[in-house]
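Okay, structure first, notes after.
Number of protein chains: 2
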Amino acid sequence: MDSQTVGILGGGQLGRMIVEAAQRLNINTVILEEGEQAPAKQINALNKHVNGSFKDPNAIRELAKKCDIMTIEIEHVDTDSLKLIQKETGVKIYPDPDTIELIKDKYLQKKHLKKNEVAVTQSIAVENSISALEAVGDDFGFPFMLKSRTMAYDGRGNFVVKDKTSIKEALEFLKERPLYAEKWAPFTKEVAVMVVRSRDGNVYTYPTVETKHVNNICHTVYAPARVNDTIQKKAQLLAHNAVKSFSGAGIFGVEMFLLPNGELLVNEIAPRPHNSGHYTIDACVTSQFEAHIRAITGLPMPKNFTSLSTPQTHAIMLNVLGAQEANGELQLCKRALETVNASVYLYGKSTRPGRKMGHINIVSQSIEECERKLDYIEGRTDKIAQSVESDASVAGISKQPLVGVIMGSDSDLPVMSQGCNILKQFGVPFEVTIVSAHRTPHRMAKYAIEAPKRGLKTIIAGAGGAAHLPGMVAAMTPLPVIGVPVKGSTLDGVDSLHSIVQMPRGVPVATVAINNSTNAALLAIRILGTSDAHWFSKMESYMTNMEDEVLVKADKLETSGYEQYLSTYKK
Amino acid sequence: MDSQTVGILGGGQLGRMIVEAAQRLNINTVILEEGEQAPAKQINALNKHVNGSFKDPNAIRELAKKCDIMTIEIEHVDTDSLKLIQKETGVKIYPDPDTIELIKDKYLQKKHLKKNEVAVTQSIAVENSISALEAVGDDFGFPFMLKSRTMAYDGRGNFVVKDKTSIKEALEFLKERPLYAEKWAPFTKEVAVMVVRSRDGNVYTYPTVETKHVNNICHTVYAPARVNDTIQKKAQLLAHNAVKSFSGAGIFGVEMFLLPNGELLVNEIAPRPHNSGHYTIDACVTSQFEAHIRAITGLPMPKNFTSLSTPQTHAIMLNVLGAQEANGELQLCKRALETVNASVYLYGKSTRPGRKMGHINIVSQSIEECERKLDYIEGRTDKIAQSVESDASVAGISKQPLVGVIMGSDSDLPVMSQGCNILKQFGVPFEVTIVSAHRTPHRMAKYAIEAPKRGLKTIIAGAGGAAHLPGMVAAMTPLPVIGVPVKGSTLDGVDSLHSIVQMPRGVPVATVAINNSTNAALLAIRILGTSDAHWFSKMESYMTNMEDEVLVKADKLETSGYEQYLSTYKK
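Note that the protein sequences, when read in sequence, are chains P and E.
For what it's worth, UniProt numbering labels the leading residue of the first sequence as 1, then goes sequentially.
For what it's worth, UniProt numbering labels the leading residue of the second sequence as 1, then goes sequentially.
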């Protein structure tokens, strides 16, 4: 695609996946890394690679001779050499060596972002002394983070200073490293956004994802993040502005803290592909690795090329870390291979406990389905979660309710229980309770308002007489509300029907037939099916069975004759 | 993933893509092919590959020493050697050498299939003489196909014998090759199915696709094929039975003719990955290459791992052939890179006119969208087709309709248009049309059945009088259906309301108030909001605004007094 050769400083898994993306476009790559068996070198036999360290000026010079464009898969490179080489040889380097230099020193990175009005955690450079750290404690309060300014990754350069007594331990842990302190961010979630910048300065953001860490190492990534639309957009904007403030082209990973008040702070930026972006290989239009190659070689970067593959795409990325027993992590991979829509990526590294050996991308049309698959892969259940085929017990009755069934009075229960039976039969997690519009108006308001937050997708409300419950709940929640008119002692239920169905413009209630909570439940399942293929396909089977049952009866009626049939007919 | 090494006979693009799939699973591969720069060798630096021909017994023996399992990317190999080596060394060979031997001679292949009751074109072995071909013409009629039994691919061993006078030319074209003749199949489409067979004999079929050839070379592949469900299933079944009849594990490509009467005939089988399966890389749960690796190494092959990624997935594969001017084909690739959801795969081959240099996979939620992108890539339009899906994840709005608004008669439009206005106001992509239960029953069935496949999430149906439309549509789709009772000239709309709401158990219709299509639209948006935060938050804002508007009025009423307010009140 492009006759330029790309030199990569670093030959680990990120380099490997850059090489893979480049090869699909016939773009030549050369690797600088120690050893001939580095993951990135394993998959490129076209060139003689450079054997050496990305911190060694001579090795970098050797790489420069073999390529037209240089890039990095790790920021801890010798940036002085890069700057010199760029000046002397005219080799293009992306991202800009100045950017790499700023970012690889986390304190300079924070200062730069602050100067550019990008929200970051408050931080200060500190000396390697007890008194200096005590002063930080007095200023920031405890706990605070003590971090190495350089060479820190996967939490290995961080220490949480809980109180004055732990200062000594902190200094011991980080001894002889250049330090800075960060005020504690009481975050509720960690989110991240991949951002790619073209050579002419255009910036494109990937979706906002949620990262979960275990022992300071990324464990899983949820895409998109389970936060509201505003937070998603805000995080993309913050990441966009952060990357916009640096020069040069390429992909960047922006990690952020989400605070309880909805505020977002940049935690760290990586000037390269990032673990939180591995999900893009399967869940986005273009992978972070191809995006990086496009950016640094000047290939087209069309609008939306960083989007999720479809609006329904959901994904979970799971890191495969070296197990305690050699190759024990392969058990995880085997379970992933047994799971439909889970893709395994191993990096060709020798196994070592805690080492990043590979990752698994799970893709589905709902995050719930992804989580069911994750449960199987991580061995929390032995029930395999096969895409649309997964059965009800996998969906799990014990799980968080998706449908709320409420009624104005316990006298409605005989009618409403029929709908509950249907939900049970389909395996839909649901809850049942009494909420009366007229007798418990405040409880009703609380129920309606909190329903979406609690994960409910639909509310079924049954009521009789001057049936206000469905309409009032609909007035206080943006969820779809299904109304079941319950037949009272007079008027044959027409009073309930009209009270529920004849809502004013602005507040819809999905009304079903009088006393027909069965249909209310079926409608709720159809609604779930619009976003989760599991429920969609169960509804398809239900409809087919219903057809089959009638056909069996038709056959019986045809063969036995109508008189015989009638004589045995049970109403 | 697996410590066995896989040896591959052949190092072209199919071998390259097998290697790529194997590497992601840490499975080692060694290639037998002439030259050090073969596409498959370029991307594997871990081993010293074998330099030689896959027809050379010595070279095959050398490969056997380096691996535990042998496989092929081309069937024109020395099968006698394979059989001997398998006996002598215990190296496992997939597919079975007997299978390769049967398939590589197309006439033996046909005979085998016929014997196993797999429908094939009628064929006969012929001598290389005018009189023999005249006899075939008398028997089969003209035109008929004259084909080389061996070493024929991309149409290079085929000749259409139009009439008696062209027999001489046919023999000249195929001189000195072993020949057979095939009766002409007056096909309307060519379809194909990839089939994968596990080592224990289980057979899994990929979806049925449609292949389009230009100058006897595959030009595009449409997935799934644009044929009805029955034909799709029949083709999968035929391919399943064909592959079932052979022994050994691995992936097979089955090409078929679709005749005007709906009959299907197997045209050719390839015992390896196939050009018609390249779409699987982006459009299926598992690519044909990974499926092959799983099959021959004994890795898990879960149910449905050969399905389309989602029920909505559609794809077109476009081959990139060497252009007349050197590298002219890169223009095609550049346009693909400008197109969202089009992925480029180049094979690292030197350019030559007509040579398969790479392929492009276009994936979308409808075949029409794929075709629009194809039109741009092939230069038939300069209007770029940005993915409609992707717009959604960025702006929350996709152009593909999510809601279908239908009505029994154009007289319902004044009522139904109010709902359309709401959808427009919210920016929901929707479609509007007339579908009458009583006057266009078949159109209604088609609409209801195809709605989910077309990406619709909800259907709003308006009808008056004996209003059957909402209920009938609900009976034929698992999507939620919202019914709007339209008021007729008598009975004040109560007839419509009861016809729509009083559905039998089993088939729910979400009924709204008489003439209130506004609420139907708002309900549809609430349903979309259960899975897409964008619509949820828009509904939240709408409800807040509605509250604000009333509060403004209340304030005005309180300050101006009720008499003054009434005097300016516009109904």
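Where is the CB? At the ideal position from N, CA and C, for every residue including glycine.
Within a 10 Å sphere around the beta-carbon of Glu127(P) sit fewer than 16 other beta-carbons, which makes this residue exposed. Those residues of the stretch 46–79 of chain P placed with their C-beta closer than 7 Å to a C-beta in chain E are Leu46, ordered along the chain. Taking CB atoms only, Tyr345(P) has a neighbour in chain E less than 8 Å away. Under the Cβ distance rule, Lys111(P) does not count among the residues neighbouring chain E, no pair being separated by less than 8 Å.
For the set Asn421(E), Arg454(E), Val405(E), the Cα lying nearest the Cα of Val435(E) is the one of Val405(E). When rounded, the separation of the alpha-carbon atoms in Lys453(P) and Val512(P) is 26 Å. Residues of chain E with a Cβ closer than 8 Å to the Cβ of Phe430(P) do not exist; the shortest Cβ-Cβ separation is about 14 Å.
In the DSSP assignment, Asn158(P) forms a beta bridge with Lys147(P). By the neighbour-count criterion, in which 16 or more other beta carbons inside 10 Å mark a residue as buried, Pro414(P) falls on the exposed side. For Ala291(E), the uninterrupted alpha helix (DSSP H) run begins and ends at 288–297, by DSSP. Close to chain P, meaning a Cβ-Cβ distance shorter than 7 Å, is no residue of the stretch 404–421 of chain E at all.
In chain P, no part has a C-beta under 7 Å from the C-beta of Gly11(E); the shortest such distance is about 11 Å. When Ile18(E), Ser417(E), Arg443(E) are compared, the shortest CA-CA separation from Thr297(E) is found for Ile18(E).
By the CB criterion at 8 Å, Thr208(E) and Val193(E) fall inside the cutoff. In this structure Leu318(E) is in contact with His359(E), their Cβ atoms being roughly 7 Å apart against a cut-off of 8 Å.
Among the residues of chain E, none has a CB under 8 Å from the CB of Leu258(P); the nearest is roughly 15 Å distant. The DSSP assignment places complete alpha helix (DSSP H) segments of no fewer than 4 residues inside the stretch 67–95 of chain E at 79–89, in order along the chain. Residues are counted here when their Cβ sits less than 9 Å from a Cβ of chain E; for the stretch 506–530 of chain P these are Gly506, Val507, Pro508, Val509, Ala510, Thr511, Val512, Ala513, Ile514, Asn516, Thr518, Asn519, Ala520, Ala521, Leu522, Leu523, Ala524, Ile525, Arg526, Ile527, Leu528, Gly529, Thr530, given in chain order.
Within the stretch 421–482 of chain E, the beta strand (DSSP E) runs of at least 3 residues that lie entirely inside it are, in chain order, 430–434, 458–464. Around the beta-carbon of His213(E), fewer than 16 other beta-carbon atoms lie within 10 Å, marking it exposed. Judged by DSSP secondary structure, His359(P) falls within the beta strand (DSSP E) whose first and last residues are 356–364. Residue nearest to Ala451(P) within the set Val160(P), Gln400(P), Thr121(P) is Gln400(P) (criterion: CA-CA distance).
It is roughly 33 Å from the alpha-carbon of Arg24(P) to the alpha-carbon of Glu368(P). In the DSSP assignment, Thr5(P) falls within the beta strand (DSSP E) that extends over 5–9. At least one CB atom of chain P sits nearer than 8 Å to the CB of Phe536(E). Taken atom to atom, the span from the alpha-carbon of His219(P) to that of Val227(P) is near 19 Å. Residue state for Glu172(E) is assigned as helix, using DSSP reduced to three classes. When DSSP assignments are scanned along the stretch 267–346 of chain P, the uninterrupted stretches of alpha helix (DSSP H) that are 4 or more residues long and fall wholly within it turn out to be 280–283, 288–297, 330–337. In the DSSP assignment, Leu522(P) falls within the unbroken alpha helix (DSSP H) covering 517–529. The distance from the Cβ of Gly483(P) to that of Ala510(P) is about 7 Å, consistent with a contact at the 8 Å cut-off. One finds Pro478 in chain E with Cβ atoms closer than 8 Å to the Cβ of Glu540(P), taken in chain order. Contact with chain P is absent for Ala467(E), since none of that chain's Cβ atoms lies less than 8 Å from the residue's Cβ. In this structure the stretch 272–290 of chain P does not lie against the stretch 319–335 of chain E, because fewer than three pairs of beta carbons, one per stretch, are closer than 8 Å.
Contact with chain E is found for Ala533(P), since one of that chain's Cβ atoms lies less than 8 Å from the residue's Cβ.
Assigned with DSSP and collapsed to three states, Met539(P) falls in helix. A distance below 8 Å between beta-carbons, with the five flanking residues on each side excluded, links Val118(E) to the following residues of its chain, in chain order: Leu238, Asn241, Ala242, Ser245, Val266.
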